[in-house]
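Accompanying notes for the structure given below.
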Amino acid sequence: MTEAYIKNLKQFEGQTVTLKGWVSNKRESKGLVFLNIRDGYGICQCVVDAAKVSEEVFSNASKLTLESSLSISGTVVFDEKQIGGVELQVTNVEIYQIASEYPIAKKEHGVEFLADRRHLWLRSQRQWAIMRIRNRIIYSIHQFFQEQDFVQMDAPIFTGNACEGTSNLFETDFFGETAYLSQSGQLYGEAMAFAMNKIYTFGPTFRAEKSKTRRHLAEFWMIEPEMAFHDIFMNMDLIEGMLRRIVTDVIATCETELGVIGRDVEMLKNVVKPFPRLTYDEAVRIIKGEQDVNGKNSIKTIEEDITSANARLIEINNEIKEREDKIASGSLKKGEISFNQAKIDKLKNEIKDVEEDLRNLPLWLNSAKNFEYGNDFGGSDETVITRLFDVPIMVYNWPHAVKAFYLKRDPNDSRFARGVDVLAPEGYGEIVGGGERETDEQLLIEKIKEHELPMEAFEWYLDLRRYGSVKHAGFGLGLERIVCWLCKLPHVREAIPFPRMMGRVLP
RNA sequence: UCCUUGAUAGCUCAGCUGGUUAGAGCGAGUGACUGUUAAUCACUAGGUCCCUGGUUCGAGCCCAGGUCAGGGAGCCA
Numbered sequence: 019m020t021e022a023y024i025k026n027l028k029q030f031e032g033q034t035v036t037l038k039g040w041v042s043n044k045r046e047s048k049g050l051v052f053l054n055i056r057d058g059y060g061i062c063q064c065v066v067d068a069a070k071v072s073e074e075v076f077s078n079a080s081k082l083t084l085e086s087s088l089s090i091s092g093t094v095v096f097d098e099k100q101i102g103g104v105e106l107q108v109t110n111v112e113i114y115q116i117a118s119e120y121p122i123a124k125k126e127h128g129v130e131f132l133a134d135r136r137h138l139w140l141r142s143q144r145q146w147a148i149m150r151i152r153n154r155i156i157y158s159i160h161q162f163f164q165e166q167d168f169v170q171m172d173a174p175i176f177t178g179n180a181c182e183g184t185s186n187l188f189e190t191d192f193f194g195e196t197a198y199l200s201q202s203g204q205l206y207g208e209a210m211a212f213a214m215n216k217i218y219t220f221g222p223t224f225r226a227e228k229s230k231t232r233r234h235l236a237e238f239w240m241i242e243p244e245m246a247f248h249d250i251f252m253n254m255d256l257i258e259g260m261l262r263r264i265v266t267d268v269i270a271t272c273e274t275e276l277g278v279i280g281r282d283v284e285m286l287k288n289v290v291k292p293f294p295r296l297t298y299d300e301a302v303r304i305i306k307g308e309q310d311v312n313g314k315n316s317i318k319t320i321e322e323d324i325t326s327a328n329a330r331l332i333e334i335n336n337e338i339k340e341r342e343d344k345i346a347s348g349s350l351k352k353g354e355i356s357f358n359q360a361k362i363d364k365l366k367n368e369i370k371d372v373e374e375d376l377r378n379l380p381l382w383l384n385s386a387k388n389f390e391y392g393n394d395f396g397g398s399d400e401t402v403i404t405r406l407f408d409v410p411i412m413v414y415n416w417p418h419a420v421k422a423f424y425l426k427r428d429p430n431d432s433r434f435a436r437g438v439d440v441l442a443p444e445g446y447g448e449i450v451g452g453g454e455r456e457t458d459e460q461l462l463i464e465k466i467k468e469h470e471l472p473m474e475a476f477e478w479y480l481d482l483r484r485y486g487s488v489k490h491a492g493f494g495l496g497l498e499r500i501v502c503w504l505c506k507l508p509h510v511r512e513a514i515p516f517p518r519m520m521g522r523v524l525p
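So the working numbering is basically just the index in the first sequence, starting at one, shifted up by 18.
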């Protein structure tokens, strides 16, 4: 018997094959059992007809519960109604295990309920699609760098260095010494670049931020390239090339997955256009509404958002009332009542979201209007500015006081540091942070003192400026952030198999 | 740490200004139905209304404190 994966089933039309998988849905009527089987590659409807199989096979099929595991054989037949264009006319069913009552229903669930069952939630279609897109992104990143002679070299996870202060580090006991879980491999990346010319790291990163927002995890995966002989402009070219490569690859190879999650790819297709490069000064003027972008003004855009949110609220309430009246009229069939009730549930959830927006938007408006020149951007400022663009934007030349100690001062204006942040469109905000590194040993020493960092821990780093120092640059890409943007997820917790955040270490 | 919203059946929610025995849909169980796509239909079971204290003739609803969770600020990828 030929074994097949569901994704290839069409090639086997007319033949008899065996699938190994799990029951993802089941419908029954007299003499017929319809099984949706998933094998990790796809989903296929399998039809068990009492008239065509033995009594034993039919009763086995009837016994199956959701997520039971089995091996199922049958003839692949054409059926235009099916998603894959084919279904399986079953001849045999071999049960591996009958699953207990599966907790995740075919209906909607709350976030906490699903998070507690993440180990099972991963089996659902949407999560399947997200994880496959994540996989494609990782693959594209490796291809992109390997094709350009980068060497993957990993930084340690236990580290004695506190890159940007110790407040957000996880402390561990390392044979009696204090060690921290790495919050960036960048300093090591610089050392490795001086050995290899161009390197990239790809590993987990830890931040003990007590933040509960849709953009933060305590453990996330970061890609950190570092290149010798590169300045900030070459760095920006590389970032742009990398992002363009990732996005075009995902669009080209993940059509099914993007379809499953309902991602509209039109916006993503814009990445072929050049990414605008704004200085910090320009970006601040745009955020404060002093400068328009393509006829769009940041302040006006938020004000419009508030107006349309209020209008939407009225609209939703009217629709709920309409549907409630319909149900109350008593003229509907049972199926129509549940349909309307499901719609009402959905609308009520939307009300909560819209009300949340209405609480936040005025605060963001204020924050944008009163943005103080010289500060770093907040999450809302990033959202406000990126909403005006349809491609990622790069903001560079930041006030050196708000940026990390290792960034190079702008040779033309010492108030600025040559850092660059890349902000994703559709409100997603920062996905990349990077810059050109300071090469002047004295300036670095000053900065380390200014940031009150322990000098001894950075002696090795200063060596890089003493032995063959050259200009160099690099950046860090947050994997979950880009997954989040490409899949248009509402929260990063869905962008990683097992998210780690405040209050969540299990499962 | 601060601001803000919430916790009612296995799940998603409703429950009016405080008033008798707390409801619906889904899921589960049983039965019906030979082509279903979250199948449909009928019936059945299913509750410490998050915890502690208070106000009241009476609390799911009001008040105080706590626990847990969602969203946001700060900080960041």
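Glycine included, C-beta positions come from ideal geometry on N, C-alpha and C.
Just so you know, these numbers come straight off a predicted model, no measurement behind them.
Annotation: the region 453-513 contains the following complete segments of the beta strand (DSSP E) (minimum length 3 residues), in chain order: 490-496. Counting C-beta pairs closer than 8 Å gives fewer than three between the region 408-419 and the region 377-388, which falls short of the contact rule. If you draw a straight line from the Cα of Leu-381 to the Cα of Val-372, it is about 15 Å long. Of the residues assessed, Pro-515 falls on the exposed side of the cut-off, its CB having fewer than 16 other CB atoms within 10 angstroms. Distances from the alpha-carbon of Tyr-424 to those of Phe-434, Gly-277, Ile-466 put Ile-466 closest. In the displayed model, Asp-167 falls within coil according to three-state DSSP, outside both helix and strand. Proximity of the region 228-240 to the region 270-279 falls short of the contact definition, fewer than three beta-carbon pairs being nearer than 8 Å. In this structure, the beta-carbon distance from Tyr-120 to Glu-85 falls below 9 Å.
Shortest Cα-Cα distance from Thr-457 to any of Val-440, Glu-444, Asp-481, Val-289 involves Asp-481.
For Leu-381, DSSP assigns no beta-bridge partner whatsoever. The criterion of a C-beta distance shorter than 9 Å is not satisfied by Lys-370 and Arg-341.
Your pair Val-510 and Arg-499 checks out as a contact, with CB atoms roughly 7 Å apart and the cut at 8 Å.
Collapsing the DSSP output to three states places Phe-131 in a helix. Rounded to the nearest angstrom, the gap between the Cα atoms of Glu-308 and Ala-301 is 10 Å. Here the region 127-135 makes no contact with the region 41-48; the two share fewer than three CB pairs at distances below 8 Å.
For Tyr-218, the enclosing beta strand (DSSP E) begins and ends at 216-224. Following the DSSP letters along the chain, one finds Met-252 inside the alpha helix (DSSP H) bounded by residues 250-271. Separation of the CB atoms of Lys-421 and Ala-435 is rounded to 5 Å, and the pair is thereby assigned contact status at 8 Å. With a threshold of 16 other beta carbon atoms within 10 Å, Leu-37 meets it and is buried.
Taking C-alpha positions only, Asn-215 is separated from Thr-196 by approximately 32 Å. Taking 9 Å as the cut-off, the beta carbon of Val-501 is found no closer than this to the beta carbon of Phe-212. Per DSSP, the unbroken alpha helix (DSSP H) holding Phe-76 starts and ends at 73-81. Assigned with DSSP and collapsed to three states, Asn-388 falls in coil, not helix or strand.
Nearest Cα to Asp-267 within the set Glu-400, Trp-40, Ile-241, Ile-156: Ile-156. Taking 9 Å as the cut-off, the beta carbon of Phe-395 is found closer than this to the beta carbon of Asp-439. With contact defined as three or more Cβ pairs closer than 8 Å, the region 490-497 and the region 443-452 are in contact. A residue is called buried once 16 or more other Cβ atoms fall within 10 Å of its Cβ, and Asp-167, having fewer, is exposed. DSSP places Asn-43 within a strand segment (E or B) once states are collapsed to three.
Inclusion of Gly-207 and Met-260 in the CB contact set at 9 Å is not warranted, their separation being larger than that value. Listed as beta-bridge partners of Phe-238 by DSSP are Thr-223. Take Arg-295, set aside five residues on each side of it, and the residues of its chain with a beta-carbon closer than 7 Å to its own are Met-254, Met-412, Tyr-414, in chain order.
Per the DSSP secondary-structure output, Val-413 pairs in a beta bridge with Leu-296, Asp-439. In the DSSP annotation of this structure, the continuous segment of the beta strand (DSSP E) that includes Val-111 starts and ends at 104-115. The DSSP-derived three-state label of Lys-38 is strand.
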